[in-house]
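Colleague: Just so you know, the sequence shown maps onto residues 67 to 390 in the working numbering.
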Amino acid sequence: MKALLLEQQGTPARVQEIDAARLPEGDVTVQVAWSGLNYKDALAITGKGKIVRNFPMVPGIDFAGTVRESRDSRFRAGQQVVLTGWGVGENHWGGLAEQARVKADWLVALPPTLEARQSMIIGTAGLTAMLCVMALEEGGVTPESGEVLVTGASGGVGSTAVALLAQLGYQVTAVSGRTSTHDYLRELGASHILPRETFFEAARPLESQRWAGAIDTVGDRLLASVLAQMNYNGVVAACGLAGGYLLPTTVMPFILRNVRLQGIDSVRAPLHRRQTAWERLASILPARFYQQAATEIDLEAVPEAATALMENRITGRTLVRIGG
Ligand code: NDP
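(1) Mapping the DSSP letters down to three states, classify L365 as helix, strand or coil.
(2) Is N104 buried or exposed, if buried means 16 or more other CB atoms sit within 10 Å of its CB?
(3) By how many angstroms is the C-alpha of S291 removed from the C-alpha of T264?
(4) Given a threshold of 16 other Cβ atoms within 10 Å of its Cβ, counted over all protein chains shown, does L375 qualify as buried or as exposed?
(5) Are L230 and A256 touching if we call contact CB-CB under 9 angstroms?
(6) I think A343 touches L197, with their Cβ atoms under 8 angstroms apart; what is that distance to the nearest whole Å?
(7) Work out the CA separation of P261 and Y356 for me, nearest whole Å.
(8) Taking the beta strand (DSSP E) that A240 falls in, what are its first and last residues?
(9) If I'm right that G205 touches V301 with Cβ under 8 angstroms, what's the distance once you round it to whole angstroms?
(10) Compute the beta-carbon to beta-carbon distance between A130 and L176, rounded to the nearest angstrom, for a pair I have assumed lies under 8 angstroms.
(11) Using DSSP with H/G/I as helix, E/B as strand and the rest coil, what is M67?
(12) Have a look at G160, N297, G235 and E267 and flag the residue whose alpha-carbon is nearest the alpha-carbon of L254.
(13) Assuming L71 contacts A79 (C-beta within less than 8 angstroms), just tell me the rounded distance between them.
(14) Assign W277 to one of three DSSP states: helix, strand, or coil.
(15) Closest by CA to Q97, which one among A372, V133, F266 and R379?
(16) Take the Cβ of L288 as the centre, count every other Cβ of all protein chains shown within 10 Å, and call the residue buried at 16 or more, exposed below.
(17) How about V154 and W172: are their beta carbons less than 9 angstroms apart?
(18) Would you identify the three-state DSSP class for E204, choosing helix, strand or coil?
(19) What span of residues does the beta strand (DSSP E) with A268 cover, start to end?
(20) Could you tell me whether the Cβ atoms of G161 and G113 are closer together than 9 angstroms?
And the structure:
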């Protein structure tokens with residue numbers, strides 16, 4: 067089988083022909099059709115982040131494909147499945163290969179209306195966006211509550227969050243560091259677009275109230291500014307650190323405006339929550355989302371695309387065609 071292999075930290079990833087007998091332990095072997103390129107994959111492949119714990123490693127934190135063999139009664143050969151998270155592509159060989167062998171508990175059967183390629187346009191990023199939207203809903207944010215802000219809006223998580231929120235009837239303001247992506251964000255459904263810099267001045271503990279909800283993929287000063295601008299009872303779903311892992315904020319938004327900061331983790335989200343999220347993604351996202359938001363590459367082009375992603379030169383999802 068063909069696989070992108072990382073031999074050790076700091077050495078370039080290379081596509082190699084390897085024996086499928088080297089696949090790790092697991093109950094289900096999947097013929098991978100599509101994988102995706104995520105921020106975490108880019109960190110692993112470029113060596114810019116210590117994502118990979120054991121070498122050699124096949125990166126790829128998400129994939130979709132067809133079951134080849136299963137020792138678990140929940141899955142049978144020929145079934146379409148999707149995998150995101152669980153440390154796959156970090157501690158366990160991942161999706162940037164023709165085959166993957168994983169634990170059955172990590173797999174979700176694809177909703178019947180969703181094709182494998184579409185599920186990888188959504189990918190880990192889209193699943194995370196859906197979990198963020200669910201967190202806003204559970205915090206009581208409705209389309210009538212007011213505007214919702216999405217940061218890092220032209221990235222994988224941000225762009226899907228914009229599309230989901232717009233489709234659900236929310237007024238969405240997108241924050242983006244790039245003017246080149248404004249048309250794309252409007253097509254996805256953003257009503258307003260704000261430049262990233264406007265959030266970089268040191269935030270006062272409380273600013274004018276502007277947002278009923280926010281989905282933040284950036285962290286650091288941007289998230290601190292967003293917190294200071296939340297409406298009374300506002301909810302922020304924080305899932306990313308594209309701008310840094312610090313959070314230079316105060317307790318004021320929490321104790322004077324009843325603001326809720328909800329962390330979002332997609333990696334170990336329980337199975338029932340993943341299933342709900344995948345079903346909702348399949349039903350909410352319009353057909354045009356799948357045309358707008360994806361660039362297709364093959365396995366050989368992944369290292370170059372990972373560099374581009376680290377340099378913020380990529381918009382939306384990058385799909386890796388493997389057997390699809
Ligand atoms: P992308 O690289 O696709 O998008 C990140 C976006 O953030 C960019 O498109 C850019 O948007 C913005 N950005 C990039 N660099 C900076 C910077 N230095 N300062 C401020 N904004 C910046 O990544 P993803 O969308 O896949 O992931 C977003 C974040 O969410 C990442 O930190 C990732 O690790 C995290 N994540 C977390 C998950 C979880 O389970 N919690 C799961 C998946 C991802 P623009 O140009 O529009 O400003």
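Note that the Cβ used here is the ideal one computed from N, Cα and C, for glycine as well.
Modeller: Answer, in terms of the structure:
(1) helix
(2) buried
(3) 9 angstroms
(4) buried
(5) no
(6) 6 angstroms
(7) 26 angstroms
(8) V238 to S242
(9) 3 angstroms
(10) 7 angstroms
(11) coil
(12) G235
(13) 7 angstroms
(14) strand
(15) V133
(16) buried
(17) yes
(18) helix
(19) From DSSP, A268 is part of no beta strand (DSSP E); its letter is neither H nor E.
(20) no
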